[in-house]
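Numbering (my numbering), first residue to last: 896 to 1452. Input: a single structure, listed below in structure tokens.
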RNA sequence: GUGCCUGUAGCUCAGUGGAUAGAGCGCUGGUCUCCGGAACCAGAGGUCGCGAGUUCGACUCUCGCCAGGCACGCCA
């Protein structure tokens, strides 16, 4: 491996330690910070260590920098070292690192840049988890994309990832769904007065569709059914069908879950009551005004929470506590929930419950997803879930396609609002970042293919002349490629898929600049091969990024 | 009222203690005899919401304001 940063770090460390010893200064100095200067003329790498240490030495930073530079040993990677600005030390490298980085990428291929953060530990990512009471809307789509891509990144980073969807198929909402469907069925059968539509019912057209299906399948036979039987029949029929279409939508979006976990199963297996009793045994439960409370204020919540209502019905929170106990009992080292940002107030009580259950709340993290603002031609599209008027995920997928939809959902930090412009997303032009990235990949494939048809053979084992790569565009792209391991590590640690989305866009931009200013085929053999290897490495990296994003990497467009 | 998130170029956003704050779109002006012009280059455009503080150094950390969003149920 070529770890130029590590090499520089060692050299500086050594010089600094020596300098400290000679001057009777403590050698427990802070970590040496090395970064890539943004500006040209400031070298390939730079350190501010002289600025940080100047006080310890009681010297002006520039003077300390000079003393440090004098002590730096010769190294094949280093061309020259300069002191700049207030006391930065800038390193100008020989081209050796470019050969190393390109060689690494070509030999590691799609494994290049894999950080071993997970060390094969188990992590569960639970996301989407929309109630089966209606189709997935755009907000769920963002959660789906963020969850799925985060899972991809964690998996790439060495975690053993399980994707799970929590199905809220128990409770009051299900009954309302059943009554809504039943009311529409009676309405279509011409008897609306016999089953009035519930006040808080689901008004979307999809309920009519379900009722129509039932009329076609079962005729009017359900009109005669006793009310208790018919309610559960309509409820199960509606939730079952809606869940199926949710599964189909997600599949069409390229999102595949390892497990669909039913809330109802928690009740069927008595896990909810067992969990409440467990907390009771530990002394975190008390009764007041007829309800059973969890003493979450013993941990980090601002008020205690009801587990069992006065009417004997458990709250949603009760089953959620049971669910999280179940998750940890399955042995995950980390548990990640992806929620809509409107649920943020819920975090302290769940963390409290996890702590009360004797689990480590720091092994649990919640990933909040902010709202999506859907635009068309710059104008916001008005939506109302209550009135059943909203754009569904499927609508968006049908209109703009999977690749662009996935990209747009993760191009911004998850905790900030997202403007999603449908017109921009489906535009197949330079404005659209997805096509920009895919186009770079296709171009690379095209050049490599053209090289092949011209009978040019490439074998990285034979190496190439890195001195043939001399333009700023080539170095810029190579530097970007060498930064990929840090970027993917950052994306994994911070669970930040937008880091990958941005990186891919920047690398694509570097490639387009390079391609435009550097002729490849037809140049002298040394230059041509060096550039072909460079392009091939960029292609591998673009493909890796697109794979992490779950976006296709076309060879032709 | 309390808590959380956000405030950076005309617009949408990157940037979690370093040098002259970046990118895309939009605007202005350029670039192909040639490997894919769905591309590239250049220019204009900023009191980083406001004000203090910490620091050699602050868009970044702390505190206080201002503005927008969200949450504060025996709803889910």
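Cβ coordinates follow ideal geometry from the N, Cα and C atoms, glycine included.
{"Item": "Excluding the five sequence neighbours on either side, which residues of its own chain have a C-beta within less than 7 Å of the C-beta of residue 1109, listed in chain order?", "Value": "1080, 1117, 1132"}
{"Item": "Who pairs with residue 985 in a beta bridge, going by DSSP?", "Value": "941, 977"}
{"Item": "Taking only runs that begin and end inside the region 981 to 1044, name each unbroken alpha helix (DSSP H) of 4 or more residues, in chain order.", "Value": "991 to 1003"}
{"Item": "Identify, in the order they occur along the chain, each residue of the same chain with its Cβ nearer than 6 Å to the Cβ of residue 1171, setting aside the five sequence neighbours on each side.", "Value": "1202"}
{"Item": "Please list, in chain order, all residues of the same chain as residue 1450 whose beta carbon is under 7 Å from its beta carbon, the five residues on each side excluded.", "Value": "1337, 1340"}
{"Item": "Taking the continuous beta strand (DSSP E) assigned at residue 1268, which residues delimit it?", "Value": "1267 to 1271"}
{"Item": "Can you tell me where the beta strand (DSSP E) with residue 1203 in it begins and where it stops?", "Value": "1200 to 1203"}
{"Item": "Looking only at DSSP bridge pairs, what is residue 1157 linked to?", "Value": "1062"}
{"Item": "In three-state DSSP terms, what is residue 1180?", "Value": "strand"}
{"Item": "Just how far apart, CA to CA, sit residue 896 and residue 1003?", "Value": "Low per-residue confidence applies at residue 896: pLDDT is 42, beneath 50, and the placement is therefore not dependable, though the value from the model is reported in the following sentence. Looking at the two C-alpha atoms, the distance is approximately 10 Å."}
{"Item": "Where does the unbroken beta strand (DSSP E) through residue 1229 begin, and where does it stop?", "Value": "1229 to 1235"}
{"Item": "Just to confirm my understanding: we take residue 1015, look at its own chain, exclude 5 residues before and 5 after, and list those with CB closer than 7 Å. What are they?", "Value": "1053, 1055"}
{"Item": "Spatial neighbours of residue 1181 within its chain, please: CB distance less than 6 Å, with the 5 preceding and 5 following residues excluded, ordered by chain position.", "Value": "1188"}
{"Item": "How is residue 1186 classed by DSSP in three states: helix, strand or coil?", "Value": "strand"}
{"Item": "Give me the Cα-Cα distance between residue 1045 and residue 911, rounded to the nearest whole angstrom.", "Value": "40 Å"}
{"Item": "From residue 1034 to residue 1267, what does the alpha carbon distance come to, in whole angstroms?", "Value": "6 Å"}
{"Item": "Using 10 angstroms around the beta-carbon of residue 1376, count the other beta-carbons present and answer buried if the total reaches 16, otherwise exposed.", "Value": "buried"}
{"Item": "Any idea what DSSP makes of residue 1055, helix, strand or coil?", "Value": "strand"}
{"Item": "Does the Cβ of residue 1219 have 16 or more other Cβ atoms within 10 Å, making it buried, or fewer, making it exposed?", "Value": "buried"}
{"Item": "Can you name the residues that DSSP bridges to residue 922?", "Value": "According to DSSP, residue 922 bridges with nothing at all."}
{"Item": "How many angstroms separate the CA atom of residue 969 from the CA atom of residue 957?", "Value": "21 Å"}
{"Item": "Have a look at 925, 1206, 1300 and flag the residue whose alpha-carbon is nearest the alpha-carbon of residue 1321.", "Value": "1300"}
{"Item": "Report, in whole angstroms, the separation of the C-beta atoms of residue 1149 and residue 1445, which I expect to be a contact under 8 Å.", "Value": "5 Å"}
{"Item": "For residue 1248, which option in 959, 1226, 1233, 1214 has the closest C-alpha, if you only look at C-alpha atoms?", "Value": "1214"}
{"Item": "Which one of 1296, 1386, 1315 has the shortest CA to CA distance from residue 1304?", "Value": "1315"}
{"Item": "In the structure shown, what three-state DSSP assignment does residue 1318 receive?", "Value": "helix"}
{"Item": "With DSSP run on the structure shown, which of helix, strand or coil describes residue 896?", "Value": "Interpretation of residue 896 is limited by its pLDDT of 42, a score under 50 that renders its predicted location unreliable; no figure is taken from the coordinates."}
{"Item": "For residue 1264, list the residues DSSP reports as bridge partners.", "Value": "1235"}
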